[in-house]
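Sequential numbering from 2 applies to the sequence shown in my numbering.
Contents: one structure, followed by commentary.
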Amino acid sequence: HLGKGRPVGDDDVYNGALDNASGMSALLALAKACANLNAPPRRTILFAAVTAEESGLLGSLYYARNPTIPPKKIIANYNIDGINIWGPTKDIAMIGYGKNSLTDLAAAVAKRRGRVLVANPETDKGYFYRSDHFSFARIGVPSAYFKAGNDFHERGDVRRRIKLSYTGTRYHQPSDEYDARWNLEGGALDTRLLLECLLRT
Numbered sequence: 002h003l004g005k006g007r008p009v010g011d012d013d014v015y016n017g018a019l020d021n022a023s024g025m026s027a028l029l030a031l032a033k034a035c036a037n038l039n040a041p042p043r044r045t046i047l048f049a050a051v052t053a054e055e056s057g058l059l060g061s062l063y064y065a066r067n068p069t070i071p072p073k074k075i076i077a078n079y080n081i082d083g084i085n086i087w088g089p090t091k092d093i094a095m096i097g098y099g100k101n102s103l104t105d106l107a108a109a110v111a112k113r114r115g116r117v118l119v120a121n122p123e124t125d126k127g128y129f130y131r132s133d134h135f136s137f138a139r140i141g142v143p144s145a146y147f148k149a150g151n152d153f154h155e156r157g158d159v160r161r162r163i164k165l166s167y168t169g170t171r172y173h174q175p176s177d178e179y180d181a182r183w184n185l186e187g188g189a190l191d192t193r194l195l196l197e198c199l200l201r202t
């Protein structure tokens, strides 16, 4: 994540447990799942763990400028940042909703799984331009970035408050640490949805 930074109390380590160690865990799980398929996927899937997103998307920008595959052959880019640690939801949000053909694919996959794909409601935060998928979108690659939904199966009001409190108190802070109270069922469901999108793209 950010490494060491300005101390908050006596803690100067910005762990990034949710943002973005949880996303790295999902990436590794997806890679393992693809490696263990009974038959190989119909397209080559490249898993890339890029660095320095918080410093200006430097890692993804470098790759987009020096790709190992010609950009016209890159069919899609799926970005993973943090995953859903608050519990399963009926919806899943997409950054870049409606901007390319991946919207229809993701909506179909979500529907098949009994869920609803929704546009990210926080458009004022500029997420489309702030995460690594943007480096690929800039060179013409359809890109998608999923975020946790808000329509929780259980205790929605409580879970939405907890989710909001993360942004207000832990985002980009030393306190972004693993917590045994995380409910990773939602993250697992979202990652399985992403796996289906990868295989159907």
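A virtual CB, placed ideally from N, CA and C, is assigned to each residue, including glycine.
| request: Assign Thr104 to one of three DSSP states: helix, strand, or coil. | output: Working through the sequence shown from its first residue, we reach residue 104 at position 103. Thr104: helix per DSSP, three-state reduction.
What residues are listed by DSSP as bridge partners for Met95?
-> Your numbering for residue 95 matches position 94 in the sequence shown. In DSSP, Met95 forms a bridge with Ala120, Phe147.
*asked:* Can you tell me which residues form a DSSP beta bridge with Lys5?
replied: As a working note, residue 5 is residue 4 in the sequence shown. Paired residues: Val14.
query = How about the stretch 169-186 and the stretch 81-94: do they share at least three Cβ pairs that are nearer than 8 Å?
reply = Counting Cβ pairs under 8 Å, three or more are found: they touch.
**Message:** In the DSSP assignment, the alpha helix (DSSP H) including Tyr130 goes from what residue to what residue?
**Reply:** Working through the sequence shown from its first residue, we reach residue 130 at position 129. Membership of Tyr130 in any alpha helix (DSSP H) is not indicated, and neither H nor E is assigned to it by DSSP.
Quiz item: CB Ala77 to CB Gly99, shorter than 8 Å?
Solution: What you label residue 77 is simply residue 76 of the sequence shown in a count that begins at 1. What you label residue 99 is simply residue 98 of the sequence shown in a count that begins at 1. Cβ distance not < 8 Å, so Ala77 and Gly99 don't count as in contact.
Can you tell me whether DSSP reads Tyr79 as helix, strand or coil? Against the sequence shown, residue 79 aligns to sequence position 78. Collapsing the DSSP output to three states places Tyr79 in a strand.
Segment limits, alpha helix (DSSP H) that includes His134 = By one-based count along the sequence shown, residue 134 stands at place 133. That run of the alpha helix (DSSP H) goes 134-138.
Query raised in the report: For Thr52, does the three-state DSSP call read helix, strand or coil?
Result: Position 51 of the sequence shown holds residue 52. Residue state for Thr52 is assigned as coil, using DSSP reduced to three classes.
Give me the DSSP bridge partner(s) of Trp87.
Locating residue 87 in the sequence shown gives position 86, where the first residue counts as 1. Per the DSSP secondary-structure output, Trp87 pairs in a beta bridge with Asn184.
So, for Asp12: in the same chain, excluding its five sequence neighbours on each side, which residues have a beta-carbon less than 8 Å away from its beta-carbon? Stepping through the sequence shown from its first residue, residue 12 is reached at position 11. Excluding residues within five positions, the ones whose Cβ falls inside 8 Å are Pro175, Ser176.
Taking a contact to mean a Cβ-Cβ separation below 8 Å, would you say Leu200 touches Tyr79 in this structure? What you label residue 200 is simply residue 199 of the sequence shown in a count that begins at 1. What you label residue 79 is simply residue 78 of the sequence shown in a count that begins at 1. Cβ distance not < 8 Å, so Leu200 and Tyr79 don't count as in contact.
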